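Trainee: Here it is, the structure, as structure tokens.
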Amino acid sequence: MFSFKSFVFAALLSSCEASVRARKLSNELIAGFEPRTVVTDHNAIDLDQAKIEDLLATPSTDTFSSARDVYEQGSHSKSFAVLTLDPALTVAVPEGTVISGKNEDGSTVSGTALKSYSVGDTTIEIQYSTGNTQATYVDCQVGGNPDPNTSGCFAANGTVTISGSSGSLPYSYDPLVNNDNGRTIQGFSTAAETRFRPSGGGELFPDFQKFFDYYGTLTYADEWVQSAFARRSTSFSKGDADFSKYGDDGILQAVKKGTAYISIAMYVIRELEDALDDCDRGCDTADCNDDAVHALDEAVAFWTGSLEGKDGSGSGVLMYGLADTRCINFKTCGRNGDEASGKSKVNFEIFRHFDTMQRELTNKRCNSARATKEKIVPWMIVPLIQGVLRYAYIIENDGFTEKAEAEGATFAAAVLPYVASCNAEDAKTIYDNMRVGLGGGASYSTVFDAFVRQSSCMGISCSDIGGYWNEAQGAYEEGAGPCGGSGSGDDGANVGLAVGLSIGGLLVLVLLGVVLRRRRSASGSTVEFKDTGSTPI
């Protein structure tokens, strides 16, 4: 029966759903993920990483120095201007106040006060506004950038208008010197003392604690990168690296993989923890989950980066791109992790959990969100382990190169604290095979076995890691099949078949023993056989 009331309700519901979909889709997708907040500025941190890699690709004193500038000063994320006012402020300016002016072409430029300012202040920092379209998120990219973009920066001289006050204030500054960045790859490490704890203080976040316990310093990531730039030894409690042994090839790899997979990767976990912290703290307003959801969006951005595009088909330089590269090397691509091309199972799983965590945070289900975070981190470890194993195999079978050793050593540095938290001896075994300056001698099987022994403790399985795949031959390398398989065409099915036959055979023998024990005689009486402690054959 037709009900006008039901019809109206359905129409209103449909309208609301359409409105929600429109609101959700107002922000560009990040590799298929729908951020609920604007994080284009965070997503652009990979442009700093890409710039560092581009500079290191043509090694020289100048390019290495420029790469270090980008690492320390940034160039693409959280851009802000430092303007000198004359006369001084005549009104107080709260943090977040909208401030506008003009660029050199006379177009309007706007931003917000980076912090609060008082009457009489003559210097003010203004963070440039960012849009929700990645390609045009901000148009002022200076900092340490050797190729600065000042198109959208404030002009060198002019006036600014402060929202809520009358009149304009004259200013001056040098656009190439006084445009800086509030977010840098170095800062992901050097801010660890406060950023890797809950907002109210307290114990270090648990994953970061493992790295502090292993390396003995909160700024281990910066120590790794700066030691490589300076070609000196690190000063860790464990896992030291002496970069004085390396030329340009080794330094290049230690820096570019250290920035992406040691520094930025840990900050992904930091944002996941921040989301949980925001969720746990709660609030009394209708938008109390905004901070938690925003922190998750940031984590997705730092995992993925802008270069992957809306659907994840780009060529990124962060962990998302690494996972898709390593799945080709270990035949762990596809939703089931059994393909040699395409999107990695790691990214399928992590983004499935990102979506789940987003729903949980939105609905204030904090305990469930924490359980989901604990499912994300183990998947993050997989491509790092695959990186270690790849270069262990190359060094053992193709011969030592400084490049291969530096790559393997840096991947190891990114994952050893997890292994050590499970078993110190296996961590030492991996380190002894993969350390900087070893000069060869790595054993793939030794390193693989050490990882597999601790895989359960780290929340993964040997099948998640896969085997070292030779794409050209369409087979696993000899002695490098999945879960310790022999390789040489063994794709894991033979290992599974062997295990299956063994279990099946044992089951048959056990059942046969049961039958023999209760065998009926021709007369119908039951004959009991004495159990000798062995399976009857």
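Read in order, the letters of the sequence shown correspond to residues -18 to -1, 1 to 519 in mature numbering (1 follows the signal peptide of the UniProt record, and there is no 0).
We put the CB at the ideal spot given by N, CA and C, even for glycine.
Keep in mind it's a predicted model, so treat the numbers as computed, not measured.
For Asn311, is the classification buried or exposed, using 16 other Cβ atoms within 10 angstroms of its Cβ as the cut-off for buried?
Mentor: Asn311 comes out buried.
Trainee: So what does DSSP say about Asp23, is it helix, strand or coil?
Mentor: The answer is helix: DSSP assigns Asp23 an H, G or I state.
Trainee: Give every residue of the same chain whose Cβ lies closer than 8 angstroms to the Cβ of Leu493, excluding the five residues on either side of it in the sequence, and list them in chain order.
Mentor: Per-residue confidence for Leu493 stands at a pLDDT of 37, beneath the threshold of 50, marking its modelled position as unreliable; the derived number appears in the next sentence. So the list is empty, once near-sequence residues are dropped.
Trainee: Report yes if the C-beta distance between Thr94 and Thr115 is below 8 angstroms; otherwise report no.
Mentor: The answer is no: Cβ separation not under 8 angstroms.
Trainee: Which of the three DSSP states, helix, strand or coil, is assigned to Gly229?
Mentor: Looking at Gly229 - three-state DSSP - the assignment turns out to be coil, as it is neither helix nor strand.
Trainee: Answer yes or no: do Val73 and Ser82 have a C-beta to C-beta separation smaller than 8 angstroms?
Mentor: Cβ distance not < 8 angstroms, so Val73 and Ser82 don't count as in contact.
Trainee: Got a sec, what are the start and stop residues for the alpha helix (DSSP H) Phe333 sits in?
Mentor: Counting along the chain, the alpha helix (DSSP H) containing Phe333 begins and ends at 327 to 344.
Trainee: Does DSSP classify Ile377 as helix, strand or coil?
Mentor: Reduced to three states, the DSSP call for Ile377 is helix.
Trainee: What separation, rounded to the nearest whole angstrom, lies between the Cα atoms of Phe284 and Glu86?
Mentor: Cα to Cα, the separation comes out at about 32 angstroms.
Trainee: On the premise that Lys238 lies in contact with Ile34, defined as a C-beta separation below 8 angstroms, what is that separation, rounded to the nearest angstrom?
Mentor: Their Cβ separation, rounded to whole angstroms, is 6 angstroms, which keeps Ile34 and Lys238 in contact under 8 angstroms.
Trainee: Residues in its own chain within less than 7 angstroms of Val21 by CB, not counting five upstream and five downstream?
Mentor: Answer for Val21: Asp279, Glu280, Ala283, listed in chain order.
Trainee: Please say whether Ser57 and Ser171 have beta carbons closer to each other than 8 angstroms?
Mentor: Not in contact: Ser171 and Ser57 (Cβ atoms no closer than 8 angstroms).
Trainee: Just list the alpha helix (DSSP H) runs in the region 260 to 318, keeping only unbroken ones of 4 residues or longer that don't cross its boundaries, in chain order.
Mentor: With a minimum length of 4 residues, the continuous alpha helix (DSSP H) runs that stay inside the region 260 to 318 are 272 to 286, 301 to 312.
Trainee: Exposed or buried, which one is Leu343 when buried takes at least 16 other CB atoms within 10 Å?
Mentor: By the neighbour-count rule (16 or more Cβ atoms within 10 Å), Leu343 is buried.
Trainee: Exposed or buried, what is Glu205 when buried is set at 16 or more other beta-carbons lying within 10 Å of its beta-carbon?
Mentor: With 16 or more Cβ atoms within 10 Å of its Cβ, Glu205 is classed as buried.
Trainee: Quick test of your reading: Ser59 and His24, contact by CB under 8 angstroms. State the CB separation rounded to the nearest angstrom.
Mentor: That pair is a contact at about 7 angstroms.
Trainee: Can you tell me whether DSSP reads Asn161 as helix, strand or coil?
Mentor: Of the three classes helix, strand and coil, the one that applies to Asn161 here is strand, per DSSP.
Trainee: For Ala95, which of helix, strand or coil comes out of DSSP?
Mentor: The answer is strand: DSSP assigns Ala95 an E or B state.
Trainee: Closest by CA to Asp320, which one among Tyr458, Lys355, Gly294?
Mentor: Minimum Cα distance to Asp320 is reached at Tyr458.
Trainee: With a threshold of 8 angstroms on Cβ separation, who are the neighbours of Ser445 within its own chain once the five nearest residues in sequence on each side are excluded?
Mentor: Gly319, Pro464, Cys465, Gly474.
Trainee: Can the beta-carbon of Tyr202 be found closer than 8 angstroms to that of Phe211?
Mentor: No, the pair does not count as a contact, with Cβ atoms beyond the cut-off.
Trainee: Is the beta carbon of Tyr243 less than 8 angstroms from the beta carbon of Thr383?
Mentor: Cβ distance not < 8 angstroms, so Tyr243 and Thr383 don't count as in contact.
Trainee: Would you please state the rounded distance, in angstroms, between the beta carbons of Ile376 and Ala386? I believe it to be under 8 angstroms.
Mentor: Confirmed, Cβ separation roughly 5 angstroms.
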